[in-house]
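Asks: Would you mind keeping the following structure in view while I ask a few things?
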Amino acid sequence: QIFIVLIFGELAPLFAARKHSEHVAYFSIPLVYLLARILTPFVWVIEKISKASNLIFGKSKLEFFLSKEELQKVIQEPAKKTSKLENENINNSLSTIFSLKEKKVFEIMISIYHIKMIPSNFSVKQIKNALRIDYFPYFLIYHQNPDNIVSIAYPRDLLRRNEDSRVIDFAKPPWFITENMLVLDILKQFRTNNQSIAVVLDKSGKSKGFITLDQIEDEIFGKYPIYTPKKKASKTVIAKTVSGSMSLIDFNKKFKTNLLYKDAKTISDLISLYLGHHPSTNEIVHFEKYEFTIIETSLLGVEKVKVKTIL
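Its first residue numbered 1, the sequence shown is counted upward by one per residue in my numbering.
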């Protein structure tokens, strides 16, 4: 008996429904429609009884609204025992929250040129060399032009990756927003989409800036004073634009350094050999303690490059 029920009551209908799902659906439509028509009066009666019960026994809907002045008074009442400075901070935060209601993204965003950007052909090895000089929580990746952001790379995602791999292969797609969106709307979306940074686009669709959740919080409450021990100020030794054809011998003599790499004889050779491909304009190369920003290129290699050394 169990075997018969299993075959004809469970498996046979299951396989039939999977193989002929549309036919089974069409077959059940008249039955479902008939039941819906029969139960419609009962559903209507139950709905009316439920509404009547809510009107009789339910609580009236509360409308709660406070103006800016009333809200400040409510908060200031329990804060009378606090110091004058704390009261000023509360008032400033309230004023900022109310002013933030009409504020748009372009008013508080930061330009993309104020964050570390890398080209789409950057390798993991180059990122690690850059992190040895200074730490960056994320890198905006652009393709061809800096205003064409295509990905965001986080150092934590690159720790165990092959150094010869491209960073963009492990990067994440950016969250794009428009510059005219309200800041409060962006704050609500930050709470639900699990993002930490948004790339701001202008009217033409080009990347113009970026905004973070921490930035919005700082806009409301101000930057929290964090104690950090004083570090010895970094000293820039070199910050000049040189020719790519400049020999490494002349470079080492002029700047009193010892820059060598494989069989490279010029700055252009060093950059090309280190990258392993033909360099492109605006590409940034970190070699030892030197940062090379390529200004101009040709078919033969690097024409002009900006060299910066930070100890």
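Every residue gets a Cβ at the ideal spot worked out from N, C-alpha and C, and that includes glycine.
Note that this is a predicted model, so its numbers are computed, not measured.
1) What does the alpha-carbon distance come out to for the pair residue 388 and residue 191?
2) When the Cα atoms are used, what is the spatial distance from residue 177 to residue 201?
3) Which of helix, strand or coil does DSSP assign to residue 165?
4) Can you tell me whether residue 32 is buried or exposed? The criterion is at least 16 other CB atoms within 10 Å of its CB, across all chains shown.
5) From residue 143 to residue 210, what does the alpha carbon distance come to, in whole angstroms?
6) Could you give the DSSP three-state label for residue 19: helix, strand or coil?
7) Could you give the DSSP three-state label for residue 123: helix, strand or coil?
8) Is residue 186 buried or exposed, if buried means 16 or more other CB atoms sit within 10 Å of its CB?
9) Which stretch, first to last residue, makes up the beta strand (DSSP E) that contains residue 287?
10) What's the gap between the Cα of residue 242 and the Cα of residue 279?
11) Who are the near neighbours of residue 151 in its chain, counting only those whose CB is closer than 6 Å to its CB and skipping five residues on each side?
12) Tell me which residues share the same chain as residue 131 and place their Cβ nearer than 7 Å to its Cβ, disregarding the 5 neighbours each side in the sequence.
13) In whole angstroms, what is the alpha-carbon distance linking residue 18 and residue 36?
14) Curious, which full-length beta strand (DSSP E) runs of at least 3 residues does the segment 141-185 contain?
15) Is the separation between the beta-carbon of residue 208 and that of residue 112 shorter than 9 Å?
Replies: The answer reads as follows:
1) Past the boundaries of the shown model lies residue 388; the chain is included only from 1 to 311, so the question cannot be answered.
2) 6 Å
3) coil
4) exposed
5) 17 Å
6) helix
7) strand
8) buried
9) 284-287
10) 16 Å
11) 141, 168, 171
12) 155
13) 25 Å
14) 149-153, 176-178
15) yes
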